[in-house]
Each structure stands twice: as structure tokens, then as C-alpha cells.
Amino acid sequence: MDSGYVYILINQSMPGLIKVGKTKRDSRSRARELYSTGIPTPFQVAFEIFCDDYELVEKKIHEKLADFRVNNNREFFKFPIDKAISLLQKNSEVSKEDLYSAIDITEKLRAKYLNWLKSDIVAIRIVQPKERVWLEITQEKAVAGYLVDQTITRTDLGFIAGQEDKKFFSPEDDILINAEKFVYNFDPYSIIMTTDLFHEDGCNEVNQKYNPHIV
């Protein structure tokens, strides 16, 4: 068996289509390579999972999605992204002890908080290995007019308490559940108190609107 990542890519220039592929390296590096092949907009890694036998897992997913393939010579499928993620999870053959997965929530957060998010943030993901739930923020800075530096920060969300002193983002929960919680159940005031997603003016506005201690 050979270990590696099986990923699901999306692209705003290809609405309704997903690409399911594999790589031994970082999935985002593969996405950048594909962007350089003439596609007008960059690919986004919507989901990735680390597998012990990544070639077999990719083959199984391609077989299950065969009826939705848009071209027999390409890895593109017209299939709902949420169902594709669930299908990959079910067929990954990864035990919970060895599970490593990541899901991108950038566009969903931009849709909700576009005016508050820091402008240099290019990707926001929930990353979930064994016993951890991380918020991963990727920021970019142009250097000397032709270089781009990236800073990737991972914050362990285990300190955030939920009901009955349980973790709000629990590694026992599916990564899809934790991603949905962050986007739809984690309020803006909690975001400014626990993360560095919003710029200063955004934080001030959120504080004025949502701080429960301000009368």
C-alpha cells in the first residue's frame, strides 16, 4: 500500500463540477499546478483526506462516480460537493485512530463576513487529525513585486467550551459537523474573541453590535 492524499477540488470557473484526484504531496500544491495549465481561476481544495492506499481509494471513488463523469479522459464530475465529501469519507478505509482530513470554509465565511475578514487571508480551513480540531488560516503577502510569502497559522479550537463543559468543536464529531458549526453556529463576537480572522475595524464593529456586555 502507498499512502497519500485523495482530494476534491472546485473552481469558480466550473460551477457544478468537482475534480477528484490523488497526490503524495500537499493537495494545495497540486491545485496550484493545475491552475497553471490554462484554467482562468485557481482551484480550491474543498476537501482532502489522508489514506493508506490512496490509489485504491481514488479508483473506488471514480468508479462510484462513473455515471457523473463529464469526460472519460478527465477526473471531473458533475456531482454535489457535500455528497462527494461524504462518499470519500465512507470509502477512505481510514480508521478513526489514523484519520486526517481538512475542509475549506473560505467561501462560506466570505459570504457571511466579507466586510470583516482580513484582506490578506486566502484560505480558511478546518483541519482535523486524531484528537484535534484546528482552524487553519493562510495569509499571503507580496514581496519585491514578484514574490509571495505565505503564513499558515493553526489554532487548536479545543479551548472553546460548549454545553455542559463539552468541547464546542469536538474531534469526536465528523469534520463536516465542525465545519458547519464554525460557519453557522459560531457567532461573530465569539470569532473576534478566539480568532484572528477579522481586521481591526471589523472587530470594533462586531464588538459594538454583538458584545453582550455592552448595554
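Taking numbering that gives the first Met the number 0, the leading residue of the sequence shown gets 0, the next gets one more, and so forth. Cβ atoms here follow ideal geometry from the backbone N, Cα and C, with glycine treated the same way. This one's a predicted model, so the numbers in the text were calculated from it and none came from an experiment.
| Asked | Found |
| --- | --- |
| Residue range of the unbroken alpha helix (DSSP H) whose run includes Tyr34 | 26 to 34 |
| Rounded separation between Ile159 and Lys166 - CA only | 6 Å |
| Beta strand (DSSP E) segment containing Lys57, residue limits | According to the sequence provided, residue 57 is Glu. The question's Lys does not apply to it. Glu57 -> not in any beta strand (DSSP E); alpha helix (DSSP H) instead, spanning 53 to 63. |
| Where Thr194 falls: helix, strand or coil (DSSP) | coil |
| Pairwise C-alpha distance: Asp200 and Ala30 | 33 Å |
| Range of the contiguous beta strand (DSSP E) that encloses Ala45 | 43 to 50 |
| Counted within 10 angstroms of its Cβ, other Cβ atoms place Tyr53 as buried (16 or more) or exposed | buried |
| Phe197 to Trp115 span [Cα, whole Å] | 5 Å |
| Bounding residues of the beta strand (DSSP E) (the contiguous stretch that carries Gly20) | 16 to 22 |
| Residue range of the beta strand (DSSP E) that includes Gly3 | 3 to 9 |
| DSSP-derived helix/strand/coil call for Val132 | coil |
| Among Thr105, Gly157, Leu64, Arg153, nearest to Ile17 - alpha-carbon criterion | Leu64 |
| Exposure label - Ser91; buried when at least 16 CB within 10 Å | buried |
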